[in-house]
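Numbered according to the numbering used here, the sequence shown spans residues 41 to 198. Down below is the structure, laid out as structure tokens.
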Amino acid sequence: YEIPNTVHFITGQGDASESILDQFGPRLGYRRLERASGEFHLINYLVLLSARQQIKPTQIYLHYSFEPTGYWWLKAKQDRQLNLTLVKIPPITSIYNHPLHHHAHRSDIARLEILDKYGGIYLYLDVLVLKSFSKLISNSYQVEAIFAWEDKQYNTIC
41 YEIPNTVHFI
51 TGQGDASESI
61 LDQFGPRLGY
71 RRLERASGEF
81 HLINYLVLLS
91 ARQQIKPTQI
101 YLHYSFEPTG
111 YWWLKAKQDR
121 QLNLTLVKIP
131 PITSIYNHPL
141 HHHAHRSDIA
151 RLEILDKYGG
161 IYLYLDVLVL
171 KSFSKLISNS
181 YQVEAIFAWE
191 DKQYNTIC
């Protein structure tokens with residue numbers, strides 16, 4: 041099995057209303073998770089550029105339910121070297137009849153569905169790529185999924 045040299049990003053999943061988030065929204069032991077922002081920032085644009093430069097994918101896909109806004113979003117869409125493919129996806133609001141109130145949880149489900157359907161590499165829009173992934177994905181001992189340990193105290197993975 042070969043991992044396709046495509047990169048996927050997800051943005052624009054939106055949150056439930058503020059009152060719903062206050063009542064049911066996710067909380068870590070020390071803080072409440074932030075609400076989604078519709079604005080695309082400089083760091084997000086730089087992440088796209090770093091993926092293009094370091095990974096050299098055949099295609100970069102940006103999946104969204106609600107289109108981002110702002111100067112850097114317009115620049116990303118118009119950047120011919122990025123060759124960004126925008127994919128509008130239906131909003132994900134539940135999984136197995138369990139409501140999903142926070143954009144991070146909605147993105148978790150979208151990410152798994154996208155990778156299951158298309159394969160490739162998924163990256164967060166706030167993580168710069170500093171090196172090529174070619175050795176990692178061409179390794180003959182590769183596994184089908186690579187996870188990273190995110191928080192030992194709360195047993196979370198990314």
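No residue lacks a Cβ here, since even glycine has one placed at the ideal position from N, Cα and C. Only a predicted model underlies this, so the values are computations on that prediction, with no experimental measurement involved.
Straight-line spacing of the CA atoms in Y136 and L155 works out to 19 Å.
The C-alpha of I161 is placed about 11 Å away from the C-alpha of L152. Going by DSSP, L124 is part of the beta strand (DSSP E) stretching over L124 to K128.
Within the same chain, and ignoring the five residues on either side of I43 in sequence, the residues whose Cβ sits closer than 8 Å to its Cβ are G159, G160, I161, I177 and Q182.
Under DSSP, no beta-bridge partner is assigned to Q121.
Between N84 and I100, the gap from beta carbon to beta carbon reaches 8 Å or more. S134 is bridged by DSSP to P139. C-alpha of R146 to C-alpha of L140: approximately 6 Å in a straight line.
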